[in-house]
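First up is the structure itself, then whatever we jot down about it.
Right under this line is the structure:
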């Protein structure tokens with residue numbers, strides 16, 4: 001049975017190398033070094049026996065995964081004939097992907113033993129004078145994303161091999177931190193050549209001396225305003241608003257009392273979209289998010305559900321209803337994807353033992369115009385729809401006539417007039433749906449146009465120091481027509 005003994009060369013000079021590792025390194029008959037570029041190797045090169053390095057393997061490949069895969073294969077092949085020692089910088093179990101590949105290799109004829117070594121972490125903590133118990137995060141410069149960053153903790157980003165990697169690290173950190181945020185470049189921690197450079201983030205990739213012994217330290221963020229973009233920070237703000245020392249208004253709110261605000265904020269989002277104002281849209285989406293988090297906080301305060309439950313539920317739903325994305329199902333078009341969505345939704349209801357009307361899934365709280373649209377849309381899926389426009393136009397005319405007849409009757413009923421007028425609106429919604437117009441959005445747009453034109457009339461009246469009540473309808477109509485010219 002072959003054996004691979006993995007040792008760590010530590011983070012610094014020879015005097016920091018454990019005695020057992022020192023003996024193993026000098027007595028090894030078949031020694032492999034992941035890299036020759038290490039202070040210990042430089043000091044012991046004359047005393048060490050014959051060894052082989054994998055520096056040339058790095059030159060062969062464009063990516064590290066291929067490098068580590070080849071290193072693993074060479075070591076396994078060598079271990080079939082002899083016991084070998086494999087030496088890596090630092091500690092074998094910290095930021096050493098090639099060692100992980102060896103440990104997860106299912107080869108019963110090869111034993112992999114981790115003999116230990118000193119981690120660069122110990123030397124880095126000493127150099128930076130930080131205590132990891134306060135909160136610490138270790139990240140690989142080659143694979144971390146900005147979403148992983150725990151900015152309230154000490155962060156050490158290892159394997160910052162060169163300026164190119166440093167540039168990638170800088171750009172990722174700048175997604176979460178200001179350009180001027182101070183970071184520390186740590187090179188050869190614990191060795192006689194140890195160097196610490198404190199630089200603003202935007203200069204991270206301009207520093208000299210970045211090499212295979214370089215890490216980047218990001219101090220914990222102390223200024224809470226720098227974290228206002230983080231969801232956890234926002235959640236904490238809302239929780240504090242509803243906490244014992246929070247805002248009286250926020251503490252009084254319930255799911256019921258907040259309903260009207262949710263509706264208002266959604267309409268303001270639609271307005272921002274219609275205005276094509278991205279900055280305004282971002283602000284209004286924030287207001288909708290506030291409503292969501294407020295409802296979730298109320299649910300948590302009542303011991304019913306939390307924001308995690310909300311996110312988990314919708315995440316599961318998105319994965320379940322998108323099998324063409326997450327489970328290999330193939331679709332040819334967005335229409336087919338939507339059809340799959342509807343069928344999966346129906347199956348979910350069947351699994352829950354729910355047998356309900358096709359129309360019952362339309363939210364009761366929708367505004368009447370929008371609800372009419374969605375009721376018709378649901379019924380149309382079952383074939384209850386006109387396939388062409390002519391009968392829809394006829395229906396609109398029929399409803400207009402019935403309304404006119406009702407209001408012109410000497411004994412006309414207000415209740416029947418209201419009913420006939422509702423029929424007009426319902427038939428107009430059907431026409432809008434046929435022409436792929438969302439009636440709620442169309443009416444919202446008309447409201448906005450009306451408001452802008454009427455505001456122009458008010459402005460012009462103010463310029464001439466006249467009250468609207470003193471103006472004739474003809475004068476106001478002329479200003480209305482002039483306002484229309486500014487829209488073209």
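In full-length UniProt numbering, the protein residues as written are 1 to 488.
Built from N, CA and C at the ideal position, the CB exists for glycine as well.
Model, not experiment: these values are computed from the prediction.
Taking 8 Å as the cut-off, decide whether the C-beta atoms of residue i and residue j are in contact.
| i | j | result |
| --- | --- | --- |
| residue 227 | residue 151 | yes |
| residue 186 | residue 214 | yes |
| residue 334 | residue 440 | no |
| residue 130 | residue 141 | no |
| residue 417 | residue 405 | no |
| residue 135 | residue 154 | yes |
| residue 72 | residue 102 | yes |
| residue 270 | residue 444 | yes |
| residue 21 | residue 117 | yes |
| residue 250 | residue 265 | no |
| residue 298 | residue 255 | yes |
| residue 498 | residue 29 | Residue coverage of the chain in this structure runs from 1 to 488, which leaves residue 498 outside it and unanswerable. |
| residue 433 | residue 378 | no |
| residue 314 | residue 324 | no |
| residue 138 | residue 148 | no |
| residue 17 | residue 47 | no |
| residue 92 | residue 218 | no |
| residue 258 | residue 294 | yes |
Let me know if residue i comes out buried or exposed under the rule of 16 or more other beta-carbons within 10 Å of its beta-carbon.
| i | result |
| --- | --- |
| residue 170 | buried |
| residue 430 | buried |
| residue 428 | buried |
| residue 4 | buried |
| residue 470 | exposed |
| residue 466 | exposed |
| residue 360 | exposed |
| residue 326 | exposed |
| residue 12 | buried |
| residue 353 | exposed |
| residue 301 | exposed |
| residue 190 | buried |
| residue 133 | exposed |
| residue 451 | exposed |
| residue 119 | buried |
Identify, in the order they occur along the chain, each residue of the same chain with its Cβ nearer than 6 Å to the Cβ of residue i, setting aside the five sequence neighbours on each side.
| i | result |
| --- | --- |
| residue 268 | 284 |
| residue 180 | 200 |
| residue 372 | 426 and 429 |
| residue 41 | none |
| residue 341 | 321 |
| residue 483 | 453 and 456 |
| residue 468 | 461 |
| residue 212 | 37 and 161 |
Beta-carbon within less than 7 Å of residue i's beta-carbon, same chain only, minus the 5 sequence neighbours each way: which residues are those?
| i | result |
| --- | --- |
| residue 479 | 456, 457 and 460 |
| residue 53 | 33, 35 and 36 |
| residue 209 | 187 and 195 |
| residue 367 | 440 |
For residue i, which residues of its own chain have a beta-carbon under 8 Å away from its beta-carbon, when the five flanking residues on both sides are left out?
| i | result |
| --- | --- |
| residue 109 | 1, 2 and 80 |
The ligand GTP heavy atoms versus the CB of residue i: any closer than 7 Å?
| i | result |
| --- | --- |
| residue 332 | Inclusion of the ligand GTP in the displayed structure is not the case, the ligand content being empty and no account of it being possible. |
Problem - Uninterrupted beta strand (DSSP E) stretches inside the segment 6-81 (no shorter than 3 residues) - result: 31-33 and 51-53
Problem - Cβ contact check for the segment 25-33 and the segment 77-93: 3 or more pairs under 8 Å - result: Yes, the segment 25-33 touches the segment 77-93.
Practice task
Report yes or no: do three or more beta-carbon pairs, one from the segment 152-161 and one from the segment 234-248, lie closer than 8 Å?
Solution key: no
Handout entry: Contact the segment 114-132 vs the segment 188-196: 3+ CB pairs below 8 Å
Key = Counting Cβ pairs under 8 Å, three or more are found: they touch.
Handout entry: Start-end ranges of the alpha helix (DSSP H) lying completely within the segment 306-355, minimum 4 residues
Key = 307-320, 323-326 and 334-351
Problem - Touching by the beta-carbon criterion (3+ pairs, under 8 Å), the segment 387-400 and the segment 414-424 - result: yes
Exercise for the section: Within the segment 108-164, note down every full alpha helix (DSSP H) run reaching 4 residues or more, in order along the chain. Expected result: If only complete runs of 4 or more residues are kept, the segment 108-164 shows the alpha helix (DSSP H) at 120-128, in order along the chain.
Problem - beta strand (DSSP E) segments (min. 3 residues) lying fully within the segment 385-463 - result: Here no run is fully enclosed.
Handout entry: Those runs of the beta strand (DSSP E) which lie wholly inside the segment 173-211 and span at least 3 residues
Key = 182-187 and 195-200
Exercise for the section: Tell me the start and end of each unbroken alpha helix (DSSP H) in the segment 203-254 that is at least 4 residues and wholly inside, in chain order. Expected result: Whole alpha helix (DSSP H) segments, 4+ residues: 231-241 and 248-252.
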